[in-house]
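Residue numbers (the numbering used here): -16 to 385.
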Amino acid sequence: MSKKNLLVLLVSVFALFVLGVSNASAAITVNDVLVNGIGSGTVGVIAGEYLDVEVFVSADATHEDVTIEAWISGDKSGSVETRRFVLTSNADLHRERLSIKVPSNIDPEESLKLNIFVESEDGTSTHETVSLTADRESYTLEILSVDMQPEVSVGDSLVVDVVLKNRGRQFADDTFLRIRIPELGLEEQTYFGDLSPVDQDNPDKEDAVERRTYIRVPANAEPGLYTVELEAFNSDSFDRLERRVLVTGGAVENTMVVTSGQSKTFGTGQTETYTLTLVNRGNVVRVFELIADSPEKLDVEVSEPLIVVPAGSSRTVEVFVDSAVRDEYTFTIDVISDSGTLIDQKTFRANVEEGSKSEIKANTTVLLTVILAIVFVVLLVVLIVLLTRKPETKEEFGESYY
């Protein structure tokens, strides 16, 4: 029985030895790592820059779906990974390139490592590190965050909250932020002051400062999508980025034109009055021009060709129409905004008849008066006749007695 146990033990040891040799021969090897062309020793890097990393690997067996992942120190959120590739045994060194960004908020006193992790589909892996010494530029500004509403109405102010951060090793003196909307000709500048390299109490300075900037969009701006340019700068450094904003609610959207009695009938020589009411639903004052277009024989006059309508209110305009020629006419009133945009066009009709309503009314009154007078005279005559008529005499018959 002991011989049998000894045989089993020898077979197990031999199997483990063979498996170990097999795994060793199938291992992946990182032969070299170049960082910005440097292949040995500690590599100096700058905060915020991109590193060009070249990794050379080999293996004694073929491996499928091999990937190489790289990250700096313990923060894998900024890691990068290569495409999947096949690593062939006994072939030349296989090279893969990666580009990885050095964190902007690194501490120059901190010891950094570039981590390289290689893994294949079958789970075979290896790990390599490269020591880095990080530093920060002397003068570097960064627009850390921008909080801005995605759309704004004409006449309103675009509110932009911006955080600027000093990424350099020295003070960022007299720092400014310039915000521009070139297509509208708008520009505002905000002073951020001096930004320290790190937060400090004496003097009380911070490396990041937030400011709010207001940019008023003109009331006559055309609705549309515009580019907002943000530029942070001082005498030593500069940073820039862009955002997009949608400008909405122009004069067309915020104006309503209301009419009453668009078709009227009146006589020649008479002046008829039409009305238009302009409603400004926006939050800025609007100026409108009213232009009449009428036939040659129809006189149309607008009481206020140029009218100012306060925000959130309305104004009524009268249009006076007359003609000396009997006909059916059509005329229009165009409402134009202060930017020259056609807001609305209203069409009116005038049915001009011979004579005026006042004359017809006067004639009717005279005729009615005459008729009433005649009736009155007739009734008066009848009454007089009745009153002057003598009563009939009754004949008395006496009785005679003989």
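The beta-carbon is built from N, C-alpha and C at its ideal position, and this holds for glycine as well.
Residue i, DSSP secondary structure in three states
| i | result |
| --- | --- |
| Val361 | helix |
| Ala234 | helix |
| Glu189 | coil |
| Val304 | strand |
| Thr386 | Within the shown structure, residues of the chain are numbered from -16 to 385, placing residue 386 beyond reach of any answer. |
| Ile21 | strand |
| Glu255 | strand |
| Leu281 | coil |
| Ala10 | coil |
| Val353 | helix |
| Glu170 | strand |
| Ile367 | helix |
| Val4 | Its pLDDT being 42, under 50, Val4 is placed unreliably in this model, and the coordinates cannot settle the point. |
Status (buried if at least 16 other CB within 10 Å, exposed otherwise) for residue i
| i | result |
| --- | --- |
| Glu125 | buried |
| Val318 | buried |
| Thr256 | exposed |
| Asn217 | buried |
| Ser136 | buried |
| Pro180 | buried |
| Leu355 | exposed |
| His46 | buried |
| Thr116 | exposed |
| Glu93 | exposed |
| Val85 | buried |
| Thr248 | exposed |
| Val4 | Because the pLDDT of Val4 is 42, which lies under 50, any placement of that residue in the model is unreliable, and the number read from its coordinates should be weighed accordingly. Exposed: under 16 other Cβ atoms inside 10 Å. |
| Gly232 | buried |
| Ala74 | exposed |
| Arg453 | Coverage of the chain is limited to positions -16 through 385, which leaves residue 453 absent and any answer about it impossible. |
| Asn237 | buried |
| Gly138 | buried |
| Val16 | buried |
| Leu127 | buried |
| Phe359 | exposed |
Reference residue i; option with closest CA among the options
| i | options | result |
| --- | --- | --- |
| Ser140 | Lys96, Asp156 and Ala204 | Ala204 |
| Ile11 | Ala74, Leu34 and Glu102 | Glu102 |
| Val300 | Lys280, Asp282 and Leu273 | Leu273 |
| Gln245 | Ser218, Met239, Thr330 and Arg223 | Thr330 |
| Phe154 | Arg161, Tyr122 and Pro133 | Tyr122 |
| Asn98 | Ser286, Asp310, Val349 and Ile55 | Ile55 |
| Ser41 | Ser320, Phe100, Thr71 and Glu336 | Thr71 |
| Val145 | Gly138, Arg161, Gly61 and Pro133 | Arg161 |
| Ile21 | Lys96, Val113 and Gly106 | Val113 |
| Ser320 | Leu261, Tyr209, Gly61 and Gly106 | Leu261 |
| Glu386 | Ile316, Thr348 and Val308 | Since the displayed the chain opens at -16 and closes at 385, residue 386 lies outside it and no answer follows. |
| Ile51 | Asp58, Ala234, Ala44 and Val36 | Val36 |
| Leu95 | Asp58, Ser322, Thr238 and His110 | Asp58 |
| Leu281 | Lys148, Leu259, Gly252 and Leu369 | Gly252 |
| Val143 | Ala44, Glu134 and Asn149 | Glu134 |
| Pro165 | Leu208, Thr158, Lys188 and Glu32 | Leu208 |
| Phe159 | Glu111, Pro206, Gly61 and Ala215 | Ala215 |
| Tyr312 | Ala53, Arg150 and Glu279 | Glu279 |
| Ser220 | Gly24, Asn149, Asn14 and Val63 | Asn149 |
Proximity of residue i and residue j at Cβ, strictly below 8 Å
| i | j | result |
| --- | --- | --- |
| Val69 | Val49 | yes |
| Arg194 | Val211 | no |
| Val292 | Phe314 | no |
| Val129 | Leu213 | yes |
| Asp156 | Asp177 | yes |
| Ala30 | Ser108 | no |
| Arg388 | Arg119 | This structure gives no information on residue 388, because the portion of the chain shown stretches from -16 to 385. |
| Asn263 | Ser297 | yes |
| Leu81 | Thr65 | yes |
| Val38 | Val26 | no |
| Thr254 | Val304 | yes |
| Ile83 | Leu34 | yes |
| Ser306 | Val335 | yes |
| Val240 | Asp310 | no |
| Ala294 | Val268 | yes |
| Val302 | Val283 | yes |
| Leu224 | Val192 | no |
| Ser243 | Thr258 | yes |
Distance cut-off 7 Å: residue i Cβ against heavy atoms of the ligand GTP
| i | result |
| --- | --- |
| Ala30 | This structure lacks the ligand GTP; in fact it carries no ligand of any kind. |
Three Cβ pairs or more, each shorter than 8 Å: is that satisfied between the segment 191 to 206 and the segment 162 to 171?
yes
Check whether the segment 272 to 288 touches the segment 356 to 371, taking contact to mean three or more Cβ pairs, one atom from each stretch, closer than 8 Å.
no
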